[in-house]
Ligand SMILES: Cc1cc2nc3c(=O)[nH]c(=O)nc-3n(C[C@H](O)[C@H](O)[C@H](O)COP(=O)(O)OP(=O)(O)OC[C@H]3O[C@@H](n4cnc5c(N)ncnc54)[C@H](O)[C@@H]3O)c2cc1C
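In UniProt numbering, the protein residues as written are 1 to 373.
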């Protein structure tokens, strides 16, 4: 029997390791297909525009890891899925058959969805764009207007707050004074995560003299200005705006998969609502809430467990979203936000300062150690 996984980010990597732990290599073949030869610990991308953070600290090659655990690794782009035939069509024409499929292919920023945004915003979604943003940040001059925002529909809000406070710290350190404006479609900062987190962010905005607007959407971006729904027009020299996500191109080419802008609907067991032998995890699915590496990791493990249960005809487990998020806050260290269901009820809390910052660094090291050593 063959279980195929598309993608080797947080979701795919953890799914593969979990499956290999639970299924004997003699009976079950695990194949991971990724269009990228390396794992990228994406939370570390936020440091690239502001610090010297060598790539080998947060990336590692995937092939040796999969060889070690006994999973096949195919470095190839997926062109389309044919769910009726249980087939994956690769970009080089290769066809891979599967019995079960875990889709962990992530999502892409949908720049086109916000009128005029494409080509206007700096980005930190990938190594190349984060390094490009580094150049832009280094070229910032006194009094240039900076606008940072979260567009309606975006589910990765934490990145904008991190970028804002890292940038404020950078400017401070280099004695450059620039007016900064922040906006978000959320009713309040980092909505629904924790009241304490919201008020901490508000205090920090005030401390850093950041002008801000909540509960606003973007109408368009034109002529170097962001047109907000509250009639404000924000002129910028430097803009970073997070757009909503869309699914990867191959989802659009997969005729048998229903999707909303490439994002695949799943039920609480993380199975596709259409195909019971297909699971979708991480940024690629339509689970509500903030899209995080933590969620992708947990979903990858749960989906792998459910594949095993399905093979054994056991009842499947439902996904229970929780929250464990560490947000960088520039000079203020970082903030750890916990909102987790435990055996003793809900564990909720927010801790700020140097400790969470050290935890974020340690988390990167832990990942590198766990998977690449
Ligand atoms: C700057 C930044 C900071 C962040 N900070 C945090 C944080 O502090 N904490 C946190 O929990 N999360 C954070 N996140 C979010 C987190 O990184 C993502 O939610 C997470 O990476 C999603 O994991 P995933 O496995 O679903 O998808 P991805 O990590 O996007 O992995 C997708 C995989 O699919 C592969 N793939 C894509 N298309 C194809 C194709 N056609 N064929 C074959 N393979 C394909 C890719 O190569 C990749 O291996 C941050 C993200 C960014 C960008």
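Idealized CB from N, CA, C, for every residue including glycine.
Would you list, in sequence order, the uninterrupted alpha helix (DSSP H) runs of no fewer than 4 residues that lie entirely inside the region 236-285? 249-252
Cutoff 7 Å; reference residue 318; Cβ partners in own chain excluding five residues on either side: 268 and 269
Rounded to the nearest angstrom, how far is the Cβ of residue 243 from that of residue 111, given a contact under 8 Å? 5 Å
Please list, in chain order, all residues with a C-beta atom less than 5 Å from at least one heavy atom of ligand 1. 7, 8, 9, 10, 11, 34, 35, 36, 42, 43, 45, 46, 77, 78, 104, 105, 106, 124, 125, 159, 248, 250, 282, 283, 291, 292, 293, 294 and 296
Does the region 138-149 come close enough to the region 232-242 to have 3 or more Cβ pairs within less than 8 Å? yes
Going by other Cβ atoms of all chains shown within 10 Å of its Cβ, with 16 needed for buried, is residue 330 buried or exposed? buried
Should residue 83 be labelled buried (16 or more other beta-carbon atoms within 10 Å of its own) or exposed? buried
So what's residue 139 in DSSP terms, helix, strand or just coil? coil
Give the DSSP-derived three-state secondary structure of residue 129 in the structure shown. helix
Unbroken alpha helix (DSSP H) run spanning residue 372, endpoints: 354-372
Integer Cβ distance of residue 180 from residue 148, believed to fall under 8 Å: 7 Å
Residue 462 by DSSP, collapsed to three states: which one? The question about residue 462 has no answer, for the chain in this structure spans 1 to 373.
Can you give the Cα-Cα distance for residue 328 and residue 160, rounded to whole angstroms? 10 Å
Considering Cα atoms alone, identify which of 20, 213, 61 and 39 is closest to residue 106. 39
Is the region 73-81 in contact with the region 23-37, if contact means three or more CB pairs nearer than 8 Å? yes
Decide if residue 380 is buried, meaning its Cβ has at least 16 other Cβ atoms within 10 Å, or exposed. Examination of residue 380 is not possible in this model, given that the chain is present from 1 through 373 alone.
For residue 82, which of helix, strand or coil comes out of DSSP? strand
For residue 378, does the count of other Cβ atoms within 10 angstroms reach 16, so buried, or fall short, so exposed? Missing from the structure shown is residue 378; the chain here goes from 1 to 373 and no further.
Between 354, 114, 284 and 226, which has its C-alpha nearest residue 332's C-alpha? 354
At the level of alpha carbons, what is the spacing between residue 155 and residue 69? 33 Å
Taking residue 286 and residue 314 to be in contact with their CB atoms under 8 Å, please state how far apart those CB atoms are, rounded to whole angstroms. Their Cβ separation, rounded to whole angstroms, is 26 Å, which puts residue 286 and residue 314 out of contact at 8 Å.
On the three-state DSSP scale, how would you describe residue 339? strand
Taking buried to mean at least 16 other C-beta atoms within 10 Å of its own C-beta, is residue 366 buried or exposed? exposed
Which residue or residues does DSSP assign as beta-bridge partners of residue 349? 338
What residue range is occupied by the uninterrupted alpha helix (DSSP H) comprising residue 199? 195-207
Assuming residue 193 and residue 323 make a contact with CB atoms under 8 Å, what is their CB distance in whole Å? 6 Å
Nonlocal neighbours in the same chain, by C-beta distance under 8 Å from residue 309, ignoring five residues either side: 315, 316 and 317
Check the DSSP bridge columns for residue 90 and list the partner residues they point to. 78
Using the C-alpha atoms, what's the distance from residue 200 back to residue 207? 10 Å
Of the residues 162, 248 and 177, the one placed nearest residue 334, counting alpha carbons only: 162
Under 8 Å, with one C-beta from each stretch per pair, do the region 278-292 and the region 241-256 reach the 3-pair mark? yes
On the DSSP letters alone, give me the boundaries of the alpha helix (DSSP H) that residue 399 sits inside. This structure gives no information on residue 399, because the portion of the chain shown stretches from 1 to 373.
Which same chain residues, not among the five before or five after residue 99, have their C-beta less than 8 Å away from its C-beta? 1, 2, 3, 86 and 277
Could you name the residues that DSSP lists as bridge partners for residue 32? 5 and 73
So is residue 291 buried or exposed if we call it buried at 16+ other beta carbons inside 10 Å? buried
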